[in-house]
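This report concerns only the one structure given below.
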Amino acid sequence: MGDVVQGILSALQWQTVVASALGCALGIVAGALPGITISMGLVLLLPVTFGLDPATAMSLLIGVYTGGMTGGSISAILLNIPGTPSAVMTGIDGHEMARRGQAGKAIGIAIWSSFIGGWVGWAALVLLAPLLARVALSFGAPELFALMLLGMTVICSFSEGSIVKGLLAGVVGLVIMTVGMDPVVGVERFTFGQVELQAGISFLAAMIGLFAIPQVILGLRSEGPRPPSRPPEVPFSEMLPSLGDLRRILKPSLWAGAIGTAVGIVPGTGGAIAAVLAYDQARRMSKAPQEFGKGSPEGIAAPEAANDGVTGGALIPTLTLGIPGDPPTAVLLGALVIQGLYAGPLLFERNAAVVYGILTTFAIAKFWTVILTLLGIKAFVQVLRVPASMLFPAVAALTVVGSYAIRNSVFDCFIMAGLGVLGYFLTQWRFPLMPIVLALVLGPPLEEHLRTSLVISGGDVTTFIRRPVSAALLALAVLMVAAQLPWRRWARALAPITVGSSPGGRP
Amino acid sequence: MTRRRAMVVVSLLTAVLLTAAGAIAAYPEKAIEMIIIFEAGGAADISGRMLAQVAEKSLKVPIAPINKPGAGGAVGLAAIANSRPDGYTVGWITGSLLTATNMGNLPFDYQALDYVALVNLEPTAIAVRADAPWASLKEFVADARQKPGKLRIGNAGSGSFTHISAAALAHKARIEVRHVPLGARRMPSLLGGEVEAVSIHPPEIISNLKAGKVRVLGISFPAPVAALKGVPTWKDLGWDVGFYQFRGLAAPKGLPEAAVKRLEAAFREAAQSESYRALADETAITIGLQDSAGFRAFVQQQDGLIKAVIKELGIAKK
Amino acid sequence: MSAVKSLLIALGFVGLGLAYLWQASGLPAARADDLLGPATMPFALGIALIVLAITLGAAALAGGAGDAGLVPVRRQHLVVLLGILAYVAAVPLAGFKASTALFLFAGALWGGQRVVPAGLFAIGMAILFHLVFELLFRVALPRGLM
């Protein structure tokens with residue numbers, strides 16, 4: 001008990017609270033800039049933490065982690081470029097809402113839903129960590145494969161207009177992701193002798209190109225997806241989501257927070273996958289599913305709540321097992337080691353004060369993130385007042401520097417530009433782009449876990465249905481697809497045949 | 508007139524020569540870029556960054572770490588080998604150099620680099636869950652002989668250092684096991700029971716080892732850290748593979764001698780600093796300093812061993 | 826007109842699928858310990874690509890099939906597209922800062938700005954990128970061959 005109090009007090013010292021604010025601010029900026037990932041923001045601060053005490057050091061880093069998740073939504077909403085992988089779904093409805101002149105409201109919804117989802121993850125971390133950590137270990141390769149497959153079923157629902165075009169786009173995305181070293185035996189596939197291609201196509205670079213380049217091309221002489229005139233000056237109060245909006249997003253945010261937490265717990269997943277699953281779930285539950293993709297508040301809330309749920313979820317295996325739940329938590333683990341602390345079962349026994357310090361600091365970071373982003377909204381939305389002739393060239397430059405920064409590779413800039421060209425033509429040909437993006441996110445783990453499962457089981461395909469969790473997820477995936485098939489149209493098409501072939505059917 | 512002209516020429520020449528000499532003596536005079544061949548935040552990255560941070564104090568110029576991850580280090584290694592050997596691009600490399608080149612993932616071999624200083628050595632460990640039925644590596648091997656192809660050893664990826672090490676060990680011990688490429692999922696897979704054992708470097712298991720969740724059956728060479736004291740080496744057991752994971756500073760071929768000397772001194776000094784020694788202790792890596800010539804000889808010897816093993820195993824690309 | 830174009834697009838995807846399958850045919854076959862092997866996924870994808878593309882082509886021939894119609898590719902779009910490609914190609918040669926400043930200047934002019942504001946914008950943004958990416962986040966932006 002003394003440790004608990006001591007831990008909480010250590011997180012409430014003024015220097016710890018200030019470190020948290022600084023971390024959040026840096027995290028928000030890092031998250032908002034495409035190509036600067038949360039992990040990069042964390043690594044940048046690692047040397048700074050060498051000289052700090054554990055409470056201050058972790059406070060700083062957890063601030064970056066928390067702030068970064070919310071920061072990613074800002075560029076997704078304003079520019080339709082996801083700042084982090086986790087913000088991949090946020091732009092769909094967020095940018096749509098911004099185009100209608102409600103950028104402030106969209107960011108406000110993102111901030112509050114992040115806050116709600118974040119607390120779900122936090123509660124799970126505080127109350128159920130050791131129990132959930134054990135659950136995480138039951139997630140092997142077959143379960144991960146089933147989870148990715150479940151995510152892939154969402155492709156169908158992004159194929160409005162033409163299901164064939166949607167599926168084709170999805171396959172194109174999967175084709176792109178087969179480039180590189182094969183995930184199981186390391187054979188080069190479609191690399192044409194290029195060392196850089198061995199590393200595969202960076203999905204972040206691909207995504208930046210697909211989303212941003214078509215916009216620049218269409219928008220530079222302002223006939224594109226942008227309000228034709230400058231948005232009118234609106235008072236600050238109108239930028240924020242109304243109470244009605246908040247009531248509307250509460251339930252989907254709680255759900256999405258739970259999905260995010262669950263996904264975050266499983267090592268080898270991350271915010272992007274959580275956002276995809278949560279978005280689909282929110283649409284399924286919504287009273288107005290037709291608004292999704294057209295600026296639905298729930299469509300912004302779900303992915304944002306999910307990726308903040310991931311932070312709490314990912315910290316569960318990190319702290320209790322010493323196994324990072326996602327890439328940023330791997331850096332947090334490294335930071336703990338530098339402090340001479342080993343995350344894992346011993347941390348709770350021997351350094352309970354540190355654990356409770358981290359939990360408190362994590363809560364403080366959530367408040368800072370809300371405060372800082374709310375303060376920033378007014379400045380953020382000014383971006384949309386920049387004339388098209390300046391905004392779009394700047395966006396293009398941002399895509400170049402962003403795609404370069406991911407792995408310090410000019411090659412990735414070329415990949416980004418190439419996919420941008422593809423994105424432009426597909427847009428003009430009325431192909432949906434979201435299936436490609438989903439395939440980019442889910443494709444590589446899908447194949448990897450499918451094949452690893454078979455290596456582990458010794459080639460026994462029944463492993464997928466014999467393991468209960470995997471079987472349940474696969475059944476869910478089948479149901480999702482079945483629910484989206486046009487049964488009624490088929491029934492109508494088949495009706496005359498059935499009637500004709502069974503003359504005795506009707507007296 | 509001509510004498511005056513001659514004097515001007517001579518003095519000009521002297522001036523040029525002096526500045527040229529000065530330029531060499533003044534190395535380094537601008538920031539040095541250090542390519543790290545893995546993602547930001549991993550064990551190799553953190554040790555490289557920390558070392559660079561200490562070394563830049565004695566070099567008196569900043570060292571900028573640049574992560575060029577991908578394809579098990581191959582992308583970064585190619586970037587190092589292809590950069591200008593002017594002393595302003597160096598690379599923080601690992602044993603992946605020898606696996607990537609010998610597996611056929613790179614169009615060059617270890618001779619494409621110049622070697623500045625060897626800093627760390629890391630044993631490869633075979634770890635099992637604490638409740639596993641095998642008390643020793645001998646028992647594990649005996650069991651594996653009983654059921655060929657049944658026991659599974661997780662590694663960091665196909666052709667990775669941990670994969671080659673485990674495969675070489677299995678070859679020496681004449682057992683047939685299934686090597687599972689698990690990457691960062693090795694620990695959850697081991698604890699969750701997907702694989703019987705993992706081939707892994709100590710930094711990644713140290714916390715679970717201290718917590719008593721896993722046991723290490725054998726390591727590829729004696730580790731000085733307390734947590735691994737008394738663990739038998741593969742050599743003790745008669746299955747010496749002879750190669751070890753390492754980390755060190757390298758540069759593109761043709762680095763000027765002055766730059767080699769300067770960097771070598773700075774990095775050796777940094778490796779012996781108190782902060783770096785503390786990090787090595789915490790993360791269970793060994794500081795095994797070698798100078799430029801020693802590093803090169805070490806890499807050459809290791810290359811021979813790894814090349815032979817990969818050939819024997821028949822796993823290289825055609 | 827639209828149907829012919831849709832058909833051509835579908836044929837393009839069939840061609841892509843065939844080329845992909847041809848490239849995939851060189852991949853090593855599955856082994857006992859890796860049931861699917863490196864080639865299975867690419868083969869499945871190549872076939873899916875071709876089947877879907879043929880379906881798309883058939884729908885175009887049948888007349889629309891719920892197709893919202895194609896938006897024409899405009900010449901001014903292609904100008905911007907080529908501009909971006911030229912910019913990306915210039916980055917490794919001229920360095921990030923110079924090529925970015927030049928691109929921003931040209932882009933702003935093309936978008937309708939006058940010379941002076943376009944120039945100020947280009948220089949200002951180049952400085953901003955330097956401050957944020959190089960100084961704050963320590964990204965070593967490409968310096969070019971100079």
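First to last, the protein sequences are chains G, L and F. When we follow this note's numbering, the leftmost residue of the first sequence carries the number 1, and every step to the right adds one. When we follow this note's numbering, the leftmost residue of the second sequence carries the number 508, and every step to the right adds one. When we follow this note's numbering, the leftmost residue of the third sequence carries the number 826, and every step to the right adds one. We treat Cβ as the ideally placed atom computed from N, Cα and C, and that holds for glycine. None of the values given here were measured: they were computed from a predicted structure.
Quiz item: According to DSSP, is G/His449 helix, strand or coil?
Solution: Per DSSP, reduced to three states, the secondary structure at G/His449 is helical.
Quiz item: How should G/Pro228 be labelled, buried or exposed, when 16 other C-beta atoms within 10 angstroms of its C-beta is the threshold for buried?
Solution: Since pLDDT at G/Pro228 reaches only 42, below the 50 mark, its modelled position is unreliable, and the value read off the structure follows with that caveat. By the 10 Å Cβ count, G/Pro228 comes out exposed.
Self-check item: Neighbour-count burial assignment, G/Asp308, 16 or more Cβ in a 10 Å radius
Solution: With a 10 Å radius around the Cβ and a threshold of 16 neighbouring Cβ atoms, G/Asp308 comes out buried.
Quiz item: Apart from the five residues just before and just after G/Ser296, which ones in its own chain have a Cβ nearer than 6 Å to its Cβ?
Solution: Excluding positions up to five away in sequence, the list reads Asp93.
Exercise. Consult DSSP for F/Thr925 and reduce its assignment to one of helix, strand or coil.
Key: F/Thr925: helix per DSSP, three-state reduction.
Exercise. Step through the CB atoms of chain F and report whether any lies within less than 8 Å of the CB of G/Arg226.
Key: Low confidence applies here, because G/Arg226 scores a pLDDT of 48, under 50, leaving its location unreliable; read the following figure in that light. Closer than 8 Å to the CB of G/Arg226 there is not a single CB belonging to chain F.
Exercise. Kindly indicate which three-state DSSP category L/Glu776 falls into: helix, strand or coil?
Key: In the structure shown, L/Glu776 sits in a helix (DSSP, three-state: H, G or I).
Quiz prompt | Residues that L/Pro576 contacts on chain G, provided the C-beta gap is smaller than 8 Å | solution = Annotation: Cβ neighbours of L/Pro576 in chain G (cutoff 8 Å, chain order): Ala199 and Arg407.
Exercise. Using a Cβ cut-off of 9 Å, pull out every chain F residue sitting near L/Glu683, in sequence order please.
Key: The premise fails here: L/Glu683 is roughly 10 Å from chain F at the closest Cβ pair, so nothing lies under 9 Å.
Quiz item: Whose Cβ in chain L lies nearer than 7 Å to the Cβ of F/Arg963?
Solution: Ala571, listed in chain order.
Quiz item: Near L/Ser565, what residues of its chain come up, given a Cβ to Cβ distance below 8 Å and the 5 sequence neighbours on each side ignored?
Solution: Within the same chain, L/Ser565 has close Cβ partners Ala772, Ala773, Glu776 and Ala777.
Quiz prompt | Cβ-based burial, G/Thr462 [other Cβ within 10 Å; buried from 16] | solution = With fewer than 16 other Cβ atoms within 10 Å, it is exposed.
Quiz prompt | Distance CB(F/Val896)-CB(G/Arg430) smaller than 8 Å | solution = Yes, Cβ-Cβ distance for F/Val896 and G/Arg430 is below 8 Å.
Quiz item: Any Cβ of chain G within less than 8 Å of the Cβ of F/Trp935?
Solution: Judged by the 8 Å Cβ criterion, F/Trp935 is in contact with chain G.
Practice problem: Measure from the C-beta of L/Glu540 to each C-beta in chain F and report whether the shortest distance is under 8 Å. | Solution: Yes - at least one Cβ of chain F is within 8 Å of the one on L/Glu540.
Quiz item: Checking contacts by CB at 8 Å: is G/Ala472 closer than that to chain L?
Solution: Answer no: the Cβ-Cβ gap between G/Ala472 and chain L never drops below 8 Å.
Quiz prompt | Nearest-angstrom Cα separation, counted from F/Pro967 out to G/Ala32 | solution = Straight-line Cα distance between these residues: approximately 22 Å.
Exercise. Look up G/Gly180 in the DSSP assignment and give the residues it is bridged to.
Key: G/Gly180 has G/Arg189 as its beta-bridge partners, per DSSP.
Quiz item: Between F/Leu870 and chain G, is there a C-beta pair that is closer than 8 Å?
Solution: Yes - at least one Cβ of chain G is within 8 Å of the one on F/Leu870.
Quiz item: List, in order along the chain, the chain G residues whose C-beta lies closer than 8 Å to that of L/Ile632?
Solution: Strictly speaking, residue 632 of chain L in this sequence is Ala, with Ile absent from that position. None at all; the shortest Cβ gap to chain G is about 15 Å.
Quiz item: Using a beta-carbon distance below 8 Å, is F/His955 in contact with chain G?
Solution: No, no contact with chain G.
Practice problem: Would you identify the three-state DSSP class for G/Pro225, choosing helix, strand or coil? | Solution: Low per-residue confidence applies at G/Pro225: pLDDT is 46, beneath 50, and the placement is therefore not dependable enough to give any value.
Quiz item: Any C-beta of chain F sitting closer than 8 Å to the C-beta of G/Cys413?
Solution: For G/Cys413, the nearest CB of chain F lies under 8 Å from its own CB, placing it at the interface with that chain.
Self-check item: Limits of the alpha helix (DSSP H) - the one that G/Asp245 falls within
Solution: In the DSSP annotation of this structure, the continuous segment of the alpha helix (DSSP H) that includes G/Asp245 starts and ends at Leu243 to Ile265.
Quiz item: Any C-beta of chain G sitting closer than 8 Å to the C-beta of L/Ser780?
Solution: Taking Cβ atoms only, chain G never reaches closer than 8 Å to L/Ser780, which makes this a no.
Quiz prompt | Residues from the segment 556 to 567 of chain L in contact with chain G, defined by Cβ distance under 8 Å | solution = Shown in chain order are the members of the segment 556 to 567 of chain L whose Cβ falls below 8 Å from a Cβ of chain G: Arg556, Met557 and Gln560.
Practice problem: May I ask you to list the residues that DSSP assigns as paired with L/Ala571? | Solution: Its beta-bridge partners are L/Glu540.
Exercise. Evaluate F/Gly891 with the Cβ neighbour count: other Cβ atoms within 10 Å of its Cβ, from every protein chain shown; 16 or more gives buried, anything less gives exposed.
Key: Note on F/Gly891: pLDDT 46, under 50, position unreliable in the model; no value is reported.
Quiz item: Could you check where the alpha helix (DSSP H) with F/Trp847 kicks off and where it finishes?
Solution: Its alpha helix (DSSP H) spans residues Ser827 to Ala849.
Self-check item: Alpha-carbon spacing of L/Ala675 relative to L/His686, whole angstroms
Solution: Rounded to whole angstroms, L/Ala675 and L/His686 show a C-alpha spacing of 11 Å.
Quiz item: Between G/Met181 and chain L, is there a C-beta pair that is closer than 8 Å?
Solution: Interface residue, yes.
Quiz prompt | Within 8 Å, strictly: CB atoms of G/Val184 and F/Leu906 | solution = The Cβ-Cβ distance between G/Val184 and F/Leu906 does not fall below 8 Å.
Practice problem: Leaving aside the five residues before and after L/Val568 along the sequence, list all residues of the same chain whose C-beta is less than 8 Å from its C-beta, in chain order. | Solution: Correct list, in chain order: Pro535, Glu536, Lys537, Ala538 and Ile539.
Quiz item: Among the residues of its own chain, which have a CB less than 8 Å from the CB of L/Ile587, if the five just before and after it don't count?
Solution: Result list for L/Ile587: Ile542, Ile544, Thr596, Val597, Gly598, Ile600, Leu620, Ala757, Ala758 and Pro759, in chain order.
Self-check item: Given 8 Å, three or more beta-carbon pairs between the segment 854 to 871 of chain F and the segment 908 to 922 of chain F
Solution: Flag = no, the segment 854 to 871 of chain F and the segment 908 to 922 of chain F do not touch.
Quiz prompt | Secondary structure of G/Glu349, DSSP reduced to three states | solution = Assigned with DSSP and collapsed to three states, G/Glu349 falls in helix.
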